[in-house]
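Numbering (the working numbering), first residue to last: 4 to 353. What follows is a set of notes on a single structure, which appears directly below.
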Amino acid sequence: MKNLFRFRKHITAMAIILFLSFFAYVVNASIDGRTGRTLKTSTSGCSCHSSRDVATSVVITGPSSVNTGSTNTYTLTIHRATKTGAGCDIATRNGTLAPVSSTLHLSNSELTQNTNIPMVNNEVQFLFSYTAPASPVTDTIFATGLATNSDGNESGDVWNWASSFRVNVLPPPKILNLTVMIEGFYNTGTGNMINDTVRVYLRNTSAPYAAVDSATGFLNNAGSASFSFLNAVNGTPYYIRVKHRNSIETWSAGGNSFISNSMSYNFTTSGSQAFGSNQIQVGTKWTMFSGDVDQEGTVDLSDGSLIDNDAYNFETGYRATDVNGDEVTDLGDAVFADNNGFNFVGKITP
Ligand SMILES: [Ca+2]
Ligand SMILES: [Ca+2]
Ligand SMILES: [Ca+2]
């Protein structure tokens with residue numbers, strides 16, 4: 004009888020311990036994070052921890068524009084006066100999330116805290132990576148932030164949503180590495196060209212040769228620059244049409260395609276690199292004809308008279324009439340218009 008009584012007491016004590024452990028488990032049930040709590044899937048937020056608190060600052064920062072398939076790092080910052088701990092739920096529609104901070108883990112494709120994360124000066128930052136999908140899309144990153152009093156239960160905790168963060172997922176730019184020289188700007192003595200800006204248009208190779216994209220670049224001493232295009236695609240041939248402030252517009256001899264987002268083209272190696280072989284040789288380089296000051300497609304008397312007017316007025320600086328690029332308009336410029344005008348130089352296009 005005595006033994007049975009002792010046994011009962013033992014059972015009761017064990018039951019109490021079990022109950023207390025279970026209770027502790029329940030109140031701490033979400034200390035290692037909950038998912039499905041962002042505006043992606045729910046408007047209830049961290050509703051176990053009181054109602055939404057607008058004084059809790061929850062902010063997502065990172066690039067708003069990324070390339071398809073690329074991985075970029077973002078930060079979720081949670082700040083709330085008087086609070087000492089934090090948790091979060093981060094979700095996205097199309098991309099893939101992964102923890103960068105060791106305080107995060109992936110659960111149901113979302114990111115959440117491992118435990119109550121201590122704040123420093125009422126603030127905590129969670130770093131995470133976002134890998135963009137393979138196809139262009141406007142994506143959204145969602146987050147809900149919890150600020151706690153670190154007492155191990157839901158009382159005294161507050162939460163808020165981050166503003167939903169838009170991510171424009173774009174195809175990577177197509178890069179044209181172009182070399183093209185300008186007759187009047189090229190110095191055969193030094194082998195260098197005066198730097199200047201040109202605009203490149205990519206044109207379809209069938210009539211009406213529609214412009215698909217354009218980009219500007221700043222040619223260096225070797226006549227080279229990189230041009231970045233957002234609308235062009237790989238594997239489709241384009242004519243390369245080059246425009247410069249006082250040169251005859253010049254087209255590539257034929258169509259050229261981007262392969263793996265890249266293309267190189269060099270006009271200077273041969274006259275026939277241009278459509279209609281419409282270039283002039285200066286020293287060892289083939290260059291765009293200079294002197295089309297009014298950019299109507301030919302070099303003629305009207306170009307010459309614009310140069311003469313500016314020369315008469317001793318104009319200086321960056322002007323279309325400065326055909327040799329020395330920042331002075333004078334007879335040194337008129338000579339190009341005279342020579343090319345005499346030879347009836349004009350654009351040749353498909
Ligand atoms: Ca609490
Ligand atoms: Ca002209
Ligand atoms: Ca000049």
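Cβ coordinates follow ideal geometry from the N, Cα and C atoms, glycine included.
For this session: Out of PHE347, PRO121, GLY286, PHE292, point me to the one whose CA is closest to LEU304's CA.
Result: Along the sequence shown, one-based indexing puts residue 304 at 301. Ranking the options by Cα distance to LEU304, first place goes to PHE347.
Exercise. Hey, how far is the Cα of CYS49 from the Cα of ASN156?
Worked result: Within the sequence shown, the letter at position 46 stands for residue 49. Within the sequence shown, the letter at position 153 stands for residue 156. If you take the alpha carbons of CYS49 and ASN156, they lie about 13 angstroms apart.
For this session: Return yes when the Cβ of VAL203 is within less than 9 angstroms of the Cβ of LEU181, no when it is not.
Result: If you number the sequence shown from 1, residue 181 lands on position 178. If you number the sequence shown from 1, residue 203 lands on position 200. Yes.
Exercise. If you measure from the CB of ARG330, is any heavy atom of ligand 3 nearer than 8 angstroms?
Worked result: Taking the first residue of the sequence shown as 1, we reach residue 330 at position 327. Arg is not the amino acid found at residue 330; the sequence shown has Glu there. GLU330 Cβ: within cutoff of ligand 3.
Exercise. Within 10 angstroms of its Cβ, does ASP336 collect 16 or more other Cβ (buried), or is it exposed?
Worked result: To locate residue 336, count along the sequence shown from 1; it is residue 333. Per the 10 Å Cβ criterion, buried.
Problem set entry | the segment 235 to 242 touching the segment 286 to 293, judged by at least three CB pairs closer than 8 angstroms | no
Exercise. Going by other Cβ atoms of all chains shown within 10 Å of its Cβ, with 16 needed for buried, is SER68 buried or exposed?
Worked result: The residue labelled residue 68 in the question sits at position 65 within the sequence shown. So SER68 ends up on the exposed side.
Exercise. Near LEU205, what residues of its chain come up, given a Cβ to Cβ distance below 6 angstroms and the 5 sequence neighbours on each side ignored?
Worked result: Residue mapping note: residue 205 aligns to position 202 of the sequence shown, counting from 1. Around LEU205: VAL215, ASP216, ALA235, TYR241.
Exercise. What are the residues that DSSP puts in a beta bridge with ALA213?
Worked result: Within the sequence shown, the letter at position 210 stands for residue 213. None; ALA213 has no bridge partner.
Problem set entry | Nearest to VAL172 (by Cα), restricted to the options ILE34, ASP199, PRO139 | Reading the sequence shown from its first residue, position 169 is the one you call residue 172. Cα-wise, what sits closest to VAL172 is PRO139.
For this session: Tell me LEU304's beta-bridge partners as DSSP assigns them.
Result: Numbered from its first residue, the sequence shown carries residue 304 at position 301. Beta-bridge pairing links LEU304 to no other residue.
For this session: May I ask you to report which of helix, strand or coil DSSP gives GLU252?
Result: Translated into the one-based positions of the sequence shown, residue 252 becomes position 249. Three-state DSSP puts GLU252 in coil, outside helix and strand.
For this session: Within its chain, find whatever has a CB closer than 8 angstroms to the CB of ASN190; leave out the 5 residues flanking it on each side and keep chain order.
Result: Translated into positions along the sequence shown, residue 190 becomes position 187. The residues are MET196, ILE197.
Exercise. Cβ of SER255 within 8 angstroms of any heavy atom in ligand 2?
Worked result: For the purposes of this step, residue 255 is identified with residue 252 of the sequence shown, where counting begins at 1. Checking every heavy atom of ligand 2 against the Cβ of SER255, none is found closer than 8 angstroms.
Exercise. Would the C-beta of VAL326 count as close to ligand 2, meaning under 8 angstroms from any of its heavy atoms?
Worked result: The count along the sequence shown starts at 1 and reaches residue 326 at position 323. Not under cutoff, so the answer is no.
For this session: Please indicate yes or no: does the CB of THR151 lie closer than 8 angstroms to some heavy atom of ligand 1?
Result: Working through the sequence shown from its first residue, we reach residue 151 at position 148. It does: the Cβ of THR151 is within 8 angstroms (strictly closer) of some heavy atom of ligand 1.
Exercise. Cα separation between GLY194 and THR74?
Worked result: Here residue 194 refers to the residue found at position 191 of the sequence shown. Here residue 74 refers to the residue found at position 71 of the sequence shown. Using only the alpha carbons, I get a separation of about 43 angstroms.
For this session: Just confirm the distance between the C-beta atoms of THR59 and THR95, as a whole number of angstroms; I'd bet it's less than 8 angstroms.
Result: For the purposes of this step, residue 59 is identified with residue 56 of the sequence shown, where counting begins at 1. For the purposes of this step, residue 95 is identified with residue 92 of the sequence shown, where counting begins at 1. About 21 angstroms separates the two Cβ atoms, so there is no contact after all.
Exercise. Under 8 angstroms from any heavy atom of ligand 3, does the C-beta of GLY335 make it?
Worked result: Walking along the sequence shown from the start, residue 335 turns up at place 332. Yes.
Exercise. Just checking, does the segment 323 to 343 make contact with the segment 266 to 275 on the three C-beta pairs under 8 angstroms criterion?
Worked result: no
Problem set entry | Cβ-Cβ separation, THR301 to GLY349 (assumed contact under 8 angstroms), whole Å | Position 346 of the sequence shown, counting from 1, holds the residue named residue 349. Position 298 of the sequence shown, counting from 1, holds the residue named residue 301. 4 angstroms between Cβ atoms; contact.
For this session: Kindly indicate which residue of ASN343, GLU318, PHE345, ILE178 has the alpha-carbon position closest to the one of ASP333.
Result: The residue labelled residue 333 in the question sits at position 330 within the sequence shown. Selected option, being the one with the closest Cα: GLU318.
For this session: Tell me whether VAL302 counts as near ligand 2, meaning its Cβ is closer than 8 angstroms to at least one heavy atom of that ligand.
Result: Locating residue 302 in the sequence shown gives position 299, counting from the first residue. Yes - ligand 2 has a heavy atom lying nearer than 8 angstroms to the Cβ of VAL302.
Problem set entry | Three-state class that DSSP yields for ASP142 in the structure shown | Here residue 142 is taken as the residue at index 139 of the sequence shown, counted from 1. Strand, per DSSP.
Exercise. In the DSSP assignment, what residue or residues form a beta bridge with CYS91?
Worked result: Counting from one through the sequence shown, the residue named residue 91 turns up at place 88. Answer is GLY148.
Problem set entry | Own chain partners of ILE262 with C-beta closer than 8 angstroms, once the 5 adjacent residues on each side are dropped | In the sequence shown, counting from the first residue as 1, residue 262 sits at position 259. Contacts found: ASN237, GLY238.
For this session: Indicate the three-state DSSP secondary structure (helix, strand or coil) for SER227 in the structure shown.
Result: Within the sequence shown, numbered from 1, the residue matching residue 227 stands at position 224. Strand, per DSSP.
For this session: Look at the Cβ atom of ILE185, then the Cβ atom of GLY328, and state whether they are nearer than 9 angstroms.
Result: Your numbering for residue 185 matches position 182 in the sequence shown. Your numbering for residue 328 matches position 325 in the sequence shown. Against a cut-off of 9 angstroms, the Cβ pair of GLY328 and ILE185 comes out as a contact.
For this session: Determine, using beta carbons only, whether ASN152 and THR85 come nearer to each other than 9 angstroms.
Result: Position 149 of the sequence shown, counting from 1, holds the residue named residue 152. Position 82 of the sequence shown, counting from 1, holds the residue named residue 85. Closer than 9 angstroms, so yes.
Exercise. Which whole-angstrom value describes the C-beta separation of PHE131 and VAL103, a residue pair presumed to lie in contact below a C-beta threshold of 8 angstroms?
Worked result: Indexing the sequence shown from 1 puts residue 131 at position 128. Indexing the sequence shown from 1 puts residue 103 at position 100. The pair is a contact, with the Cβ atoms about 5 angstroms apart (cut-off 8 angstroms).
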